[in-house]
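Note sheet for the following structure.
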Ligand code: FRU
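In my numbering, the protein residues as written are 53 to 538.
What follows is the structure, given as C-alpha cells:
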C-alpha cells in the first residue's frame with residue numbers, strides 16, 4: 053500500500069523538527085510550524101471545549117509549495133499542541149494546494165471549507181482554477197473530504213475565473229453563508245456572498261463589498277462578523293502588480309443591508325500598522341470575545357529563519373473591540389499565563405538615554421506609560437547591542453509614532469509610522485511583546501498596533517528609554533516570558 057501524503061509528510065517532519073528546534077530565531081511563545089513553511093492561519097474555531105487553529109503549510113521546505121493544512125489545538129490560546137496534518141493536496145480538485153478557508157463547529161462535527169487550487173493538467177506552468185470544497189471530522193483530528201467536492205465550482209461570469217478563494221463560512225438561523233475572495237474583470241477586489249440550505253448546494257447571492265478606489269488588487273481571506281452591533285468586514289489585499297503596491301489587511305465597520313445583501317461602508321482602515329500582519333482569522337469564543345490571529349510575516353520579504361529550516365509564525369491572539377468606527381486590538385489576557393518574574397519602576401525621570409536595571413532580554417512583555425514634559429522626541433529602544441536597535445520614537449508636536457527596524461539586525465528593514473494622541477493627561481502607553489524574532493507594540497490600550505519580524509543577533513538584549521528633553525516614566529514593567537514552544 054502506498055503511504056498517504058499526510059503520513060509521508062508527518063514522517064518527514066518527525067526527522068526534520070529535531071534539526072530545527074534549537075535554532076535561535078525559533079519563537080518562545082508565538083505559534084510557528086514544527087519545520088518548513090507556514091502562511092495564513094486557517095479554520096480558527098472553538099470545538100469541543102478547545103481552540104483549534106489550522107494553517108497553510110508546506111512541511112518539506114521553508115518555501116511556499118503545494119499547500120497542506122497544518123493543525124494545532126489549545127485550551128487557553130497560549131499553550132498549543134501540534135496535531136497531525138489535517139489535509140494534504142491529494143485530490144484532482146486540490147492537487148496544487150488546499151488553500152485557505154475557515155471552520156465551523158456544528159453538533160459534534162468539525163466542518164472545514166477551503167479552496168481547492170489546481171492548475172490545468174496539474175502543470176504549474178498552465179492556468180489555474182480555484183473551487184470551494186468541504187471536509188469534515190468527528191474526532192477533530194482526521195478529516196474526510198466530501199464526495200460532492202467541489203461544492204462551488206466557479207465564480208459568476210463577471211468575476212475573474214482564476215482567482216476565487218478563501219471561503220469564510222458561517223450559519224445564520226438555518227441557512228449557511230460563505231464569503232469568498234475575488235476580483236472583477238478590471239482587477240478590482242471584491243467579496244462574493246453565497247447562500248446554502250444544506251452546505252453542499254450553493255447559490256450566488258451578491259457582491260458583499262467591492263473596491264471603489266483606483267487600486268487594482270485581489271481581495272483575499274475575507275472575514276465578516278458582528279462587533280458591538282456593527283458589521284465588520286476584514287480583507288487582505290493582494291496588489292495586482294507587486295511593483296506598484298504592497299499587501300495589506302484592512303477592515304471597515306459598516307452596516308449589512310439585508311435586502312441587498314450588501315455591506316454599506318465608507319472607509320477602510322489598517323488593522324495593524326507594522327510590517328508583518330496578513331490574512332487574519334477571527335472567532336467569537338464562549339465568553340463572547342472576538343479573537344483575532346494573523347500571519348506574522350509578509351509576502352515578498354526576505355525571511356532569515358529560512359536558513360534555520362522554517363518560515364512563518366502567527367501573531368499573539370488579540371481581542372477586538374470597536375469604538376465608533378475604529379477597531380481596537382489588545383493582547384488576550386490569557387497571555388499573562390506566560391509571565392515569570394516582574395520588575396517594575398515608578399516615577400522615573402528620563403533625559404537622554406536611560407537604562408533601567410533588570411530591563412533586558414530577548415523574550416519579554418514590557419508595559420510603559422510615558423508622560424511627556426518638554427521633549428520633542430522620546431521613546432523606547434529594544435534588542436540593542438552590536439550596533440543593532442529596534443526603535444519606537446514619539447514626536448509629540450505632530451503626534452507621530454515611528455517604528456524603525458532599519459538597524460534591527462539582518463532581514464527586512466524599514467520605517468512605519470502612525471498618528472496617535474497622548475491622552476488628556478499627556479500620557480502615551482506602549483504594551484510591547486518581544487519574542488526571539490518579532491516585536492508587537494500595542495499603543496494606547498489597543499488604539500493602534502505595530503507588528504514586525506526582526507532578526508537581531510542573540511547578544512542584542514538591551515533596552516533603553518530616551519528623551520531629548522524631559523519625560524517622566526510614570527510606570528514601566530517588564531515580565532520575562534515562559535517558553536511554550538520547545
Ligand atoms: C493569502 C493567500 C490566500 C491563499 C493562500 C495560499 O496569503 O494567498 O489567498 O489561499 O495564501 O497559500
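For glycine and all other residues, C-beta sits at the position ideal for the given N, C-alpha and C. Keep in mind that this is a model prediction, so the values were computed, not measured.
| query | result |
| --- | --- |
| Nearest-angstrom beta carbon gap, residue 166 and residue 152 [assumed within contact, 8 Å] | 7 Å |
| Beta-bridge partners of residue 423, as assigned by DSSP | 479 and 524 |
| Residues sharing a beta bridge with residue 93, DSSP | 107 |
| Residue 212 versus residue 163: straight-line alpha-carbon distance, rounded | 27 Å |
| 6 Å CB neighbourhood of residue 363 in its chain, flanking five on each side removed | 89, 114, 355 and 357 |
| Cβ-based neighbour list, residue 323, same chain, cut-off 6 Å, excluding 5 preceding and 5 following | 301 and 303 |
| Nearest-angstrom Cβ-Cβ length linking residue 446 and residue 430, presumed shorter than 8 Å | 6 Å |
| Residue 182 to residue 487 span [Cα, whole Å] | 36 Å |
| Length of the line joining the Cα atoms of residue 79 and residue 99 | 26 Å |
| Contact belief for residue 408 with residue 419 at Cβ below 8 Å, rounded distance in angstroms | The pair is not a contact, with the Cβ atoms about 13 Å apart (cut-off 8 Å). |
| Separation of residue 509 from residue 359, as counted between CA atoms | 14 Å |
| Exposure label - residue 208; buried when at least 16 CB within 10 Å | exposed |
| Residue closest to residue 313, alpha-carbon to alpha-carbon, out of 350, 334, 231 and 411 | 231 |
| Proximity test, residue 330 beta-carbon vs the ligand FRU heavy atom, cut-off 7 Å | yes |
| Of the residues 242, 479, 367 and 336, the one placed nearest residue 524, counting alpha carbons only | 479 |
| Bridge partner(s) assigned by DSSP for residue 291 | 269 |
| Separation of residue 454 from residue 494, as counted between CA atoms | 13 Å |
| Which listed residue (103, 386, 140 and 148) has its alpha carbon closest to that of residue 127 | 103 |
| Contact test: residue 126 Cβ vs the ligand FRU heavy atom, cutoff 7 Å | no |
| C-alpha distance - residue 282 paired with residue 306, whole-angstrom precision | 6 Å |
| Residue 115 Cβ short of 7 Å to the ligand FRU heavy atom set | no |
| Cβ-heavy atom distance, residue 148 to the ligand FRU, below 7 Å | no |
| beta-carbon residue 108 near the ligand FRU non-hydrogen atom, thresh 7 Å | yes |
| Own chain residues within Cβ distance below 7 Å of residue 389, not counting five before or after | 128 and 130 |
| Beta-carbon proximity of residue 327 to residue 432, cut-off 8 Å | no |
| Reference residue 371, options 394, 334 and 391, closest by Cα | 334 |
| Spatially closest choice to residue 469 from 476, 457 and 462, by CA coordinates | 457 |
| Three-state secondary structure assigned by DSSP to residue 359 | helix |
| Selected residue, minimal CA-CA separation from residue 178, among 194, 528 and 214 | 214 |
| Residue interval of the alpha helix (DSSP H) (run including residue 57) | 57-72 |
| Residue environment, residue 241, which counts as buried when at least 16 other CB atoms sit within 10 Å | buried |
| Residue 275, DSSP secondary structure in three states | strand |
| Contact under 8 Å by Cβ, residue 535 with residue 348 | no |
| Identity of the residue in 64, 138 and 101 nearest residue 112 by Cα | 64 |
| Cβ-based burial, residue 175 [other Cβ within 10 Å; buried from 16] | exposed |
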